[in-house]
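Note sheet for the following structure.
Numbering (the working numbering), first residue to last: 53 to 667.
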């Protein structure tokens, strides 16, 4: 009996210890305790991740001091201001038809500049398409940015990407790609390489909360955590994936909370607080260097349209947009309050700096428009070290096609056929160095001046196009006259007027320019930039201003003439009708109504059938 009692006691103790023990299954990263009641874990809104904020909406610092010096804070502020000015000007240029596409970062400047200031210059960044501030803080110039948007050959990407897809390997900025999420696993791979090679730098991936719905995001986080990659994930959560609001994108606690499920660290930050973004990125970078990747979620708001192809007014409440753009909430105004409180900034300095940035953009615009486009054959460069036979065949087929149909392709690149690839025009290839100047003399051909620093086997190609241009009956246009015509056309567009040949000649004044020359340059503008005669319309506020300008008949005689014709037509419609009604009242005859209706019908038909041709 004693032995039996001892065995029962030992069994009870063993069961007790088992119930108090920890689960050690192979699939568990950490030990977990056993429970004896089914407990389904539910979402608890009270457990939402907190948001880091150092500066309040009133501009007051809510900690002992800023995480950086006031001088560095001022430098970051100036960069944000530059991005804002550049965005506004380039967006307006797209509305004029000068460039094909643009995306602004209005309201998200701190989420671009703050991380750039906190990262090391050796860190490598994969941006999405709203990180212009990151590029510029690292040294990307306004000229490079404008040249890229104009697809000019002299920018780092050689004009082969669509606008806003910047790149510059010299400052650690990889090329932007259009498909969402592709850059996220690329940064993970770089960070893994840095870890196994012992390098003290990190890979950084920028993306929006919309891209976090892509499969590449989940794959990247899993790889980063398991491989202990030296990588930072920076998510700009602006609340909108084009027209899809955040509440329709996910049901969980934002983006940062997902990192915990992958075994990663995370932090949520007020993305409109420049100081908070800076210190969070700096701390996260130090953690990442230990092989512990971090996900930063920067909470901000997209003030503008998704892009120039979007109309956010169709799916967003304008009142909400204005509320999110109020002083103190959006990043630039909040940072300005901090600097004013420290007596380091005032309104006069702000206006002077904005004017300087605008002038720099306009100067860069003039330079970019004078530069050549890339040769069509550039699409085969910088992909393979040596072209495969198949790509070589495709390239030769393309060259032959372009040379057979110069009337369709000479506008941008046929003049460079035979130069870009045949040992010329490239220092890298050891060939001759050329500078191409000039503009299109007619629809099909470039007028080129080639300054030669060596023998070029393709001189015959250049001569062919030069002779073709010279054979045209169009008058020669001097560089100065061409510049004046462009300036006059730009001035008319800025005044919301159509740059017709007559209007341009009137705006040019003295000395006069031949009408054929003006028509030639305007034709070139249409072919080069699309329909530049379209009325400039930058935003809804500009639309109101446009209406006011068109209502000013003193500066728009055509508009005055149109209104005069319309008034005359309506008078012609109403007068017979009113006279007939008067006669009807005097005589009391009802058949007069039918006579009046007949007159009205005839005049209306006349107006809407013939007069629109005149108008």
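Even glycine gets a Cβ: it sits at the ideal position worked out from N, Cα and C.
These numbers were taken from a predicted model, which means no experiment stands behind them.
Margin query: Beta-carbon within less than 6 Å of residue 364's beta-carbon, same chain only, minus the 5 sequence neighbours each way: which residues are those?
Written below: In the chain shown, counting from the first residue as 1, residue 364 sits at position 312. Cβ neighbours of residue 364 beyond the five flanking positions: 357.
Notebook entry, point to check: Roughly how many angstroms separate the alpha carbons of residue 668 and residue 73, rounded to a whole number?
Noted result: Only positions 53 to 667 of the chain appear in this structure, which leaves residue 668 out of reach.
Checklist line | Sequence-distant residues of the same chain with beta carbon closer than 6 Å to residue 355, five excluded per side | finding: Here the question's residue 355 lines up with position 303 in the chain shown. The answer, listed in chain order, is 158, 159 and 377.
Next item on the list: Taking only runs that begin and end inside the segment 243-331, name each unbroken beta strand (DSSP E) of 3 or more residues, in chain order.
Entry: 255-260, 283-289 and 317-322
Checklist line | Exposed unless 16 or more other CB atoms sit within 10 angstroms - verdict on residue 457 | finding: In the chain shown, residue 457 corresponds to position 405, counting from 1. It is exposed - the Cβ of residue 457 has fewer than 16 other Cβ atoms within 10 Å.
Next item on the list: Taking only the alpha-carbon atoms, compute the straight-line gap between residue 202 and residue 215 and give it to the nearest angstrom.
Entry: The residue labelled residue 202 in the question sits at position 150 within the chain shown. The residue labelled residue 215 in the question sits at position 163 within the chain shown. The alpha-carbon atoms of residue 202 and residue 215 are separated by roughly 7 Å.
Checklist line | Paired residues, beta bridge with residue 576 - DSSP | finding: Mapped onto the chain shown, residue 576 falls at position 524. According to DSSP, which records beta bridges pairwise, residue 576 is partnered with nothing at all.
Note to self: Measuring CB atoms only, is the segment 301-320 touching the segment 90-101, in the sense that at least three cross pairs come out at less than 8 Å?
What the structure shows: yes
Check: Roughly how many angstroms lie between the CA atoms of residue 133 and residue 386, to the nearest whole one?
Finding: Along the chain shown, one-based indexing puts residue 133 at 81. Along the chain shown, one-based indexing puts residue 386 at 334. Their backbone Cα atoms lie some 12 Å apart in a straight line.
Checklist line | residue 171 to residue 574 span [Cα, whole Å] | finding: Working through the chain shown from its first residue, we reach residue 171 at position 119. Working through the chain shown from its first residue, we reach residue 574 at position 522. Their Cα atoms are separated by approximately 47 Å.
Check: Counting Cβ pairs closer than 8 Å, one from the segment 564-571 and one from the segment 533-544, do we hit at least three?
Finding: yes
Next item on the list: Going by CA-CA distance only, name the one from 197, 222, 314 and 205 that's closest to residue 82.
Entry: Start at 1 with the first residue of the chain shown, and residue 82 comes out as number 30. For residue 82, the nearest C-alpha among the options comes from 314.
Item checked: Under the three-state DSSP convention, the category residue 441 falls into -> Indexing the chain shown from 1 puts residue 441 at position 389. Helix.
Check: What did DSSP end up calling residue 433 once you bin it into helix, strand or coil?
Finding: For the purposes of this step, residue 433 is identified with residue 381 of the chain shown, where counting begins at 1. Three-state DSSP puts residue 433 in coil, outside helix and strand.
Check: Taking C-beta to C-beta, are residue 263 and residue 232 nearer than 8 Å?
Finding: In the chain shown, residue 263 corresponds to position 211, counting from 1. In the chain shown, residue 232 corresponds to position 180, counting from 1. Yes. Within cutoff.
Note to self: In whole angstroms, give me the CA-to-CA distance for residue 639 and residue 627.
What the structure shows: Within the chain shown, numbered from 1, the residue matching residue 639 stands at position 587. Within the chain shown, numbered from 1, the residue matching residue 627 stands at position 575. Roughly 19 Å separates the two Cα atoms.
Next item on the list: Would you identify the three-state DSSP class for residue 176, choosing helix, strand or coil?
Entry: Taking the first residue of the chain shown as position 1, residue 176 is located at position 124. In the structure shown, residue 176 sits in a strand (DSSP, three-state: E or B).
Check: Would the beta-carbon of residue 325 fall within 8 Å of that of residue 544?
Finding: Residue 325 sits at position 273 when you count from the first residue of the chain shown. Residue 544 sits at position 492 when you count from the first residue of the chain shown. Going by C-beta atoms, residue 325 is not nearer than 8 Å to residue 544.
Checklist line | Length of the line joining the Cα atoms of residue 275 and residue 281 | finding: Within the chain shown, residue 275 is the residue found at index 223, counting from 1. Within the chain shown, residue 281 is the residue found at index 229, counting from 1. Computed Cα separation, rounded: 8 Å.
Next item on the list: Answer with buried or exposed for residue 77, where buried requires no fewer than 16 other C-beta atoms within 10 angstroms of its C-beta.
Entry: Position 25 of the chain shown, counted from the start, is the residue given in the question as residue 77. With fewer than 16 other Cβ atoms within 10 Å, it is exposed.
Margin query: Quick check on DSSP: helix, strand or coil for residue 474?
Written below: Walking along the chain shown from the start, residue 474 turns up at place 422. Because residue 474 sits at a pLDDT of 36, beneath the cut-off of 50, its placement in the model cannot be relied upon, and the following sentence gives the value as read from the coordinates. Correct three-state label for residue 474: coil.
Next item on the list: My understanding is that residue 165 touches residue 409, with C-beta atoms under 8 Å, so please give their C-beta distance in whole angstroms.
Entry: For the purposes of this step, residue 165 is taken as residue 113 along the chain shown, with counting starting at 1. For the purposes of this step, residue 409 is taken as residue 357 along the chain shown, with counting starting at 1. In fact, because the Cβ distance is near 14 Å, the residues do not count as touching under 8 Å.
Notebook entry, point to check: Cβ of residue 271 within 7 Å of any heavy atom in the ligand ATP?
Noted result: Among the components of this structure there are no ligands whatsoever, and the ligand ATP is therefore not found.
Checklist line | Buried or exposed (CB count within 10 angstroms, at least 16 for buried), residue 25 | finding: An answer regarding residue 25 cannot be provided, because it is not within the stretch 53 to 667 covered by the chain.
Note to self: If you reduce the DSSP assignment to three classes, tell me which class residue 629 lands in.
What the structure shows: The sequence position of residue 629 within the chain shown is 577, counting from 1. DSSP places residue 629 in helix when its eight states are reduced to three.
Margin query: Between the alpha carbons of residue 565 and residue 555, how many angstroms are there, rounded?
Written below: As a working note, residue 565 is residue 513 in the chain shown. As a working note, residue 555 is residue 503 in the chain shown. So the alpha carbons of these two residues sit roughly 12 Å apart.
Note to self: Let me check understanding here. Comparing Cα to Cα, which of 243, 109, 261 and 104 lies closest to residue 182?
What the structure shows: In the chain shown, residue 182 corresponds to position 130, counting from 1. The shortest C-alpha separation from residue 182 is found at 261.
Next item on the list: Could you tell me which residues DSSP puts in a beta bridge with residue 103?
Entry: The residue labelled residue 103 in the question sits at position 51 within the chain shown. BP columns for residue 103 are empty, so no partner.
Item checked: Residues bridged to residue 113 [DSSP beta-bridge criterion] -> In the chain shown, residue 113 corresponds to position 61, counting from 1. Looking at the DSSP assignment, residue 113 forms a beta bridge with 107.
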